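Here the structure is laid out as structure tokens; the discussion comes afterwards.
Chains as they are written, first to last, in the working numbering: chain A, 1 to 291; chain B, 292 to 752.
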């Protein structure tokens, strides 16, 4: 009887140890076998997931987890939480909302890092390393086996900044109700700001345009254009591609540039105009006929 | 029978439990804790920096992702790391001066001395990080293994001045900008725990001011490209070898200059080549009071310089080779033993002895790493120093043999980190180091062979 009890306890302990060891394993055998052949294609580069195992473990797994599920050992202390690669949902894309990003989008994100997060710019990697890591990131989700990335949106040439365009951008900021999250001055303190959650029901803060000169997904005007025309998937920031014409989107870009703590042409024009923050309760001005 | 099986199974279970779940250990090192990155993100193997870690250091201990200012941290965050190494080691030297009969004094003979036992390293108490965005600091009180402390590093740094990574200013006592850092060396023995190339001088040479492996007091301007591929530094240093209180020259300075460029070579990795040069002056004579030298009154500055190339070559993710070369030159006065310590040249107008000449030498170090995984690294190092011009020529009353002081050393070892998290560094360390120096024994000028075997735990938390 005692011997049986002992062996039962021993067997239980072995199961516990096995689970304990499994939790630290790098990948499930299934993933290793099925998806490590994943490739990425960036320009003339071909990345191979199998080559990135060491780099992922060295640089990425602490936050994104050995299984790519965003459950690294640091996750409890990070805000915002690291990306869960298993659901293949990415904020920074050049592709329409709801679609997979291109390999180049992921390639650029790795090098650029993500502002307002713990993701640093990994621009020390070689291009081959980055391409391999893109393939490795993709190998975590079956979605990359069944779906193709979206087609990158077309960005029309950037027009000249004018006072009219900045004013039109401000009107759009009000009409699209950007202020409800981002606040009337773009400080990320709109009336809805405290209620926002991401798709995983975790609290999330809207962007404060007065804090720094970088956006979540880049620094250029075109990067900003892409953010509201593709949306930040997984967050409350939607795509406005169906509500905003490409030309209007540039107006919004110019207006948002006036909010940043930088010396920009837009800011100088706004100062000349004496541009005041929007008043959400003021009646909309009568539409002026287009020339 | 059942009992013995039970005992065996119980012990096996204990071992499996201890080591099977070891990967979940936690502790609190400074930077990893702040940023939530594993040690391996910045270290090829802790404590040696990899390229990303070098960039982090060059940015003033900042990731440049807008979370660098301490205001982002929990108020209880304190950027502190302790490091200490309990060890067992066996030390051997084949030419130690010993009394021929114990306790009787001369005559003395040269004999081999071996000793072994459990021991400790000193304690390093690192604290560093940012005071505000683009203002950083590092303070390192460090003790010997008898807990006698000194300040190894104390510096403040203004980063990214005028918004440019090309202009950063460091002020205080700091490590020189050596790409292969002796302060992050992977080996721990008395022989292998330093780079001989960074400290070498011919036998009898009194110039200890030119040791590029030692932290120095001064100001450094450095800059780098955004991705750290291109980097430079220029430092103005007091010629005191990092000793506080201005104990030597009344007006003696050195300069240390580096530049390097890295190249993306695809699958091989990022290769880097660069150069360094240290050019300085230091005193060889002092003013006196009561016939004794007055500290800080050193005059009669004489010149010295060190220069060389650095290469960091990577052959894929597992193998790399680090190379440093050096050519050194000291003024003939240093070659005669004058410098910061005794003997002192206190009589104005004293000429150099006949046959005295400026010593020079060439050296190289090669350090190879096989990184099996971020948790296991094998290390092999080979260094050689060859004196090309001895301080005493054939015209001297005591001419130096051409190979006097030539030094050859090698070190092999491995470090195994049983777990890898962002909370602590812990390595099981095994190392063997051997040093040979020609004609350097204390009594009869025989060749000296020294060796050390070391086993220990190297950890920080």
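From the three backbone atoms N, C-alpha and C, an ideal C-beta is built for every residue, glycine too. The model shown is predicted, which means the values in this text are computed figures rather than measured ones.
CA nearest to the CA of residue i, picked from the options
{"i": "residue 422 of chain B", "options": "B/636, B/351 and B/621", "result": "B/351"}
{"i": "residue 39 of chain A", "options": "A/60, A/82, A/154 and A/134", "result": "A/134"}
{"i": "residue 356 of chain B", "options": "A/121, A/223, A/100 and A/75", "result": "A/121"}
{"i": "residue 205 of chain A", "options": "A/182, A/112 and A/215", "result": "A/182"}
{"i": "residue 590 of chain B", "options": "B/613, B/735, B/637 and B/560", "result": "B/637"}
{"i": "residue 212 of chain A", "options": "A/46, A/256 and A/63", "result": "A/256"}
{"i": "residue 504 of chain B", "options": "B/534, B/467, B/516 and B/519", "result": "B/467"}
{"i": "residue 448 of chain B", "options": "B/420, B/327 and B/561", "result": "B/420"}
{"i": "residue 249 of chain A", "options": "A/236, A/224 and A/76", "result": "A/224"}
{"i": "residue 575 of chain B", "options": "B/611, B/741, B/531 and B/679", "result": "B/531"}
{"i": "residue 462 of chain B", "options": "B/469, B/429 and B/490", "result": "B/429"}
{"i": "residue 75 of chain A", "options": "A/66, A/62, A/115 and A/67", "result": "A/62"}
{"i": "residue 664 of chain B", "options": "A/53, A/210, A/226 and A/99", "result": "A/53"}
{"i": "residue 736 of chain B", "options": "B/485, B/387 and B/417", "result": "B/387"}
{"i": "residue 341 of chain B", "options": "B/416, B/610, B/368 and B/725", "result": "B/610"}
{"i": "residue 674 of chain B", "options": "B/489, B/690 and B/465", "result": "B/489"}
Burial state of residue i, where buried means 16 or more other Cβ atoms lie within 10 Å
{"i": "residue 686 of chain B", "result": "exposed"}
{"i": "residue 580 of chain B", "result": "exposed"}
{"i": "residue 743 of chain B", "result": "buried"}
{"i": "residue 632 of chain B", "result": "exposed"}
{"i": "residue 142 of chain A", "result": "exposed"}
{"i": "residue 409 of chain B", "result": "exposed"}
{"i": "residue 392 of chain B", "result": "exposed"}
{"i": "residue 200 of chain A", "result": "exposed"}
{"i": "residue 276 of chain A", "result": "exposed"}
{"i": "residue 624 of chain B", "result": "buried"}
{"i": "residue 710 of chain B", "result": "buried"}
{"i": "residue 27 of chain A", "result": "Reliability fails at residue 27 of chain A, whose pLDDT of 48 lies under 50, so the model's placement of it is uncertain and the value that follows must be treated cautiously. When all chains shown are included, residue 27 of chain A counts as buried."}
{"i": "residue 169 of chain A", "result": "buried"}
{"i": "residue 164 of chain A", "result": "exposed"}
{"i": "residue 563 of chain B", "result": "buried"}
{"i": "residue 652 of chain B", "result": "buried"}
{"i": "residue 296 of chain B", "result": "With a pLDDT of 49 at residue 296 of chain B, under the threshold of 50, the modelled position of that residue is not reliable, and no figure is offered here."}
{"i": "residue 23 of chain A", "result": "Low per-residue confidence applies at residue 23 of chain A: pLDDT is 42, beneath 50, and the placement is therefore not dependable enough to give any value."}
{"i": "residue 283 of chain B", "result": "A query on residue 283 of chain B cannot be resolved here, the shown segment of chain B reaching from 292 to 752 and no further."}
{"i": "residue 585 of chain B", "result": "exposed"}
{"i": "residue 263 of chain A", "result": "exposed"}
9 Å Cβ cutoff met for residue i and residue j
{"i": "residue 551 of chain B", "j": "residue 566 of chain B", "result": "yes"}
{"i": "residue 475 of chain B", "j": "residue 338 of chain B", "result": "yes"}
{"i": "residue 732 of chain B", "j": "residue 389 of chain B", "result": "no"}
{"i": "residue 746 of chain B", "j": "residue 703 of chain B", "result": "no"}
{"i": "residue 438 of chain B", "j": "residue 372 of chain B", "result": "no"}
{"i": "residue 626 of chain B", "j": "residue 614 of chain B", "result": "no"}
{"i": "residue 90 of chain A", "j": "residue 140 of chain A", "result": "no"}
{"i": "residue 730 of chain B", "j": "residue 682 of chain B", "result": "no"}
{"i": "residue 93 of chain A", "j": "residue 105 of chain A", "result": "yes"}
{"i": "residue 284 of chain B", "j": "residue 507 of chain B", "result": "As shown, chain B starts at 292 and ends at 752. That puts residue 284 of chain B outside it, with no answer to give."}
{"i": "residue 152 of chain A", "j": "residue 95 of chain A", "result": "yes"}
{"i": "residue 537 of chain B", "j": "residue 587 of chain B", "result": "yes"}
{"i": "residue 208 of chain A", "j": "residue 188 of chain A", "result": "yes"}
{"i": "residue 656 of chain B", "j": "residue 677 of chain B", "result": "no"}
{"i": "residue 399 of chain B", "j": "residue 722 of chain B", "result": "no"}
{"i": "residue 696 of chain B", "j": "residue 499 of chain B", "result": "no"}
{"i": "residue 600 of chain B", "j": "residue 569 of chain B", "result": "no"}
{"i": "residue 343 of chain B", "j": "residue 124 of chain A", "result": "yes"}
heavy atom of the ligand SAH below 8 Å from residue i C-beta
{"i": "residue 562 of chain B", "result": "Because no ligand of any kind appears in the structure shown, any question about the ligand SAH cannot be addressed here."}
- Could you list the residues in the region 705–717 of chain B with a C-beta less than 7 Å from some C-beta on chain A, going in chain order? So the list reads 712 and 713, given in the order they occur along the chain.
- Item | Contact list for the region 110–127 of chain A against chain B, Cβ threshold 9 Å | Contact annotation: in the region 110–127 of chain A, residues whose CB is within less than 9 Å of a CB in chain B are 111, 113, 114, 115, 116, 117, 118, 119, 120, 121, 122, 123, 124, 125, 126 and 127.
- According to a CB-to-CB cut-off of less than 9 Å, which residues of the region 530–552 of chain B neighbour chain A? Under the 9 Å Cβ criterion, the region 530–552 of chain B contributes no residue.
- Query: Which residues, in order along the region 555–588 of chain B, keep a beta-carbon less than 9 Å from a beta-carbon of chain A?
  - Reply: For the region 555–588 of chain B, the residues whose beta carbon sits under 9 Å from a beta carbon of chain A are, in order, 555, 556, 557, 558, 559, 560 and 561.
- Task: Below 8 Å between beta carbons is the criterion; list the residues of the region 662–681 of chain B that meet it against any residue of chain A, in chain order.
- Result: 664 and 665
- Note down, in chain order, all residues in the region 318–346 of chain B with a beta-carbon under 7 Å from any beta-carbon belonging to chain A. 326, 327, 328, 329, 331, 332, 342, 343 and 346
- Task: Return the chain-ordered ranges of every alpha helix (DSSP H) run that is complete within the region 67–149 of chain A and spans a minimum of 4 residues.
- Result: 103–112, 127–138 and 143–146
- Message: Along the region 47–64 of chain A, where does the CB come closer than 9 Å to a CB of chain B? Name the residues.
- Response: 51, 54, 55, 57, 58, 59, 60, 61, 62 and 63
- In the region 70–93 of chain A, which residues sit with their C-beta less than 7 Å from some C-beta in chain B, listed in chain order? 73, 74, 77 and 78
- Completely contained alpha helix (DSSP H) runs for the region 435–476 of chain B, where each covers 4 or more residues: none
- Below 8 Å between beta carbons is the criterion; list the residues of the region 493–527 of chain B that meet it against any residue of chain A, in chain order. 517, 518 and 519
- Message: At a CB distance below 7 Å, what residues from the region 586–614 of chain B approach chain A? Give them in sequence order.
- Response: Listed by position along the chain: 608.
- Task: With 8 Å as the limit, tell me which residues of the region 436–462 of chain B have their beta carbon closer than that to any beta carbon of chain A; keep them in chain order.
- Result: Flagged: no residues at all.
- Query: Taking a cut of 9 Å between CB atoms, which residues from the region 211–229 of chain A lie near chain B?
  - Reply: 211, 212 and 214
- Query: Between the region 390–406 of chain B and chain A, which residues of the former have CB atoms less than 8 Å from a CB of the latter, in chain order?
  - Reply: none
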